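Report on the following structure.
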Amino acid sequence: MKIAVSSVALYACICAVNAFAPSSTTTQRNGGRNGDTSLEMGVVSTVNSAAKKLGVPPEALAVGAAAAVAGTVGVKLILDRPSRKYEDGSVAREYDAWTQDGILEYYWGEHIHLGYYTKEEMEAGYKKKDFIEAKYDFVDEMMKLGGIGADMGDSEAKVLDVGCGVGGTSRYLAKSLGPKADVTGITLSPNQVKRATELAEEQGVPNAKFTVMNALEMDFPDNTFDVVWACESGEHMPDKEAYINEMMRVLKPGGKFVMATWCQRDDREVPFSKKDERDLRFLYEEWTHPYFISIEKYAELIDATGLMNEVTTADWVDETIASWRHSVWVGIYDPRGFIFKPTKYLKCVRDAYCLERMHRAFKRGLMQYGMFAATKKAAPVAAAAEKAEKVESN
2 MKIAVSSVAL YACICAVNAF APSSTTTQRN GGRNGDTSLE MGVVSTVNSA AKKLGVPPEA
62 LAVGAAAAVA GTVGVKLILD RPSRKYEDGS VAREYDAWTQ DGILEYYWGE HIHLGYYTKE
122 EMEAGYKKKD FIEAKYDFVD EMMKLGGIGA DMGDSEAKVL DVGCGVGGTS RYLAKSLGPK
182 ADVTGITLSP NQVKRATELA EEQGVPNAKF TVMNALEMDF PDNTFDVVWA CESGEHMPDK
242 EAYINEMMRV LKPGGKFVMA TWCQRDDREV PFSKKDERDL RFLYEEWTHP YFISIEKYAE
302 LIDATGLMNE VTTADWVDET IASWRHSVWV GIYDPRGFIF KPTKYLKCVR DAYCLERMHR
362 AFKRGLMQYG MFAATKKAAP VAAAAEKAEK VESN
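Numbering (this note's numbering), first residue to last: 2 to 395.
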């Protein structure tokens, strides 16, 4: 039976290639008739051999192969048509739905962001690492990048988590920094706020609270937070400049800013090809993203505020790329998260397909994983007073 399945699959692949690739040149023989290529002949021979062993007509396997190709092509055409374009209210609606069906939390846990994999873990095989543990490792590494920690002066910090999801990182920060720290998570999704609050109560984390708020028009006064944290929320922002400006506004002078976000490569020197544009359009419109920008453009927006010291940037694509396929594998290994929810099957298939499209976009350099860290400049009055003190001491 393995032979038959392999034969049909191979034949289907050849049919698909011949259907979509330009015709290859064939030699004329037998009185000018176009002959089969050697590859085609080999496939036909294999199919005939398999049919003989199974005792079925070769035509039956050929029909099955053709049906498989047609089905695959049909499914691909459906999946390649984005289903969740960005529009007003779409981000809150989609995250409400993801939170309510519970599938994302079942597989991704409390942290709705990519994981972190060391070079050694990648060499050993990323699937050997616990998928959820990778996400906690990511938070630890992001804290290091931002210079954030109880032992780094943040034990009583006021922290803002912009785009907090179900609050996994907010609670982790609240626990890590200690009971005197105060963490606020904001999201557009009421269901996420509800779930985040439930988990905070269950886990006994009173110094983490959550509220529905638009990150582009925050209610907080200027200079409110010691730390502003943003992990994979910029992707959904329809105005990247306002997103950056608001976070810089609410950060206290001397405060710490750290951000992680999916970015597209900078196309100012090498413009996007037609394929690049098609791929980006799919990634925008399948998971309700208005658009992405480059690491360089984000750095320029941060600099343009005039409020921040020099920004540190990095591309963590090597450290995070395993997350895309790892996410698919955990669903294959353990289908219990969706198997009893048949109304969600198509959505799960679409998400798995988009995960693979994301993996490929990051692997070929179309997408980058942007990391940013900076501190806010001291307030002018405070800076002047500090300068006066130095003059007097001299």
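Glycine included, each C-beta is placed from N, C-alpha and C at the ideal position. No experiment lies behind these values; they were computed from the predicted model shown.
- Here Gly338 carries a helix assignment [DSSP, helix/strand/coil].
- In the three-state DSSP reduction, Gln204 falls in the coil class, being neither helix nor strand.
- In this structure, the alpha-carbon of Val228 lies about 29 Å from that of Tyr285.
- Judged by their CB atoms, Ile133 and Gly110 are nearer to each other than the 7 Å cut-off.
- Here Tyr370 carries a strand assignment [DSSP, helix/strand/coil].
- For Phe139, the enclosing alpha helix (DSSP H) covers residues Phe132 to Gly147.
- In this chain, the beta strand (DSSP E) harbouring Trp263 covers Leu252 to Gln265.
- Taking every protein chain shown into account, the CB of Leu367 has 16 or more other CB atoms within 10 angstroms, so this residue is buried.
- Partner residues in a beta bridge of Ile294, as assigned by DSSP, do not exist.
- Remark: C-beta atoms of Gln369 and Arg266 approach each other more closely than 7 Å.
- Less than 7 Å divides the Cβ of Ser190 from the Cβ of Ala93.
- In this structure, the CA atom of Arg351 is about 6 Å from the CA atom of Leu80.
- Of the candidates Ala216, Pro83 and Ala323, Ala216 places its Cα closest to the Cα of Gly235.
- Spanning the alpha carbons of Tyr299 and Leu252 requires a straight line of approximately 17 Å.
- Annotation: the continuous alpha helix (DSSP H) that includes Gly169 extends over Gly169 to Leu178.
- Ala379 places its beta carbon 7 Å or farther from that of Pro222.
- Here Glu311 is exposed. Its C-beta has fewer than 16 other C-beta atoms within 10 Å.
- As computed with DSSP, Leu161 is found in a beta bridge with Thr185 and Val229.
- For the pair His112 and Asp102, the Cα-to-Cα distance works out to about 16 Å.
- Here Gly116 is near Lys136, since their CB atoms are less than 7 Å apart.
- In the same chain as Lys86, and ignoring 5 residues on each side of it, the C-beta atoms closer than 6 Å to its own belong to Glu286, in chain order.
- Counting the other Cβ atoms within 10 Å of the Cβ of Tyr96 gives 16 or more, which makes it buried.
- Counting only unbroken stretches of 4 or more residues, the alpha helix (DSSP H) elements lying wholly within the region 287-333 are 296-305 and 318-321, in sequence order.
- Distance from the Cα of Glu242 is smallest, within the candidate group His360, Tyr292 and Lys159, for Tyr292.
- Counting along the chain, Phe273 sits inside no beta strand (DSSP E), nor does DSSP assign it H or E at all.
- The DSSP-derived three-state label of Thr119 is coil.
- Separation of the CB atoms of Lys128 and Trp263 is rounded to 23 Å, and the pair is thereby denied contact status at 8 Å.
- Val140 and Lys348 have their C-alpha atoms roughly 28 Å apart.
- In the structure shown, Ala216 falls within a coil segment according to DSSP collapsed to helix, strand and coil.
- Residues Phe363, Gln369 and Tyr370 of the same chain have their beta carbon placed closer than 7 Å to that of Val318, with the five preceding and five following residues left out of the count.
- A straight line joining the alpha-carbon of Arg196 with that of Pro83 spans about 28 Å.
- Our two residues, Phe283 and Glu218, have alpha carbons roughly 28 Å apart in a direct line.
- About 16 Å separates the beta carbon of Thr225 from that of Phe211, a gap too long to meet the 8 Å contact definition.
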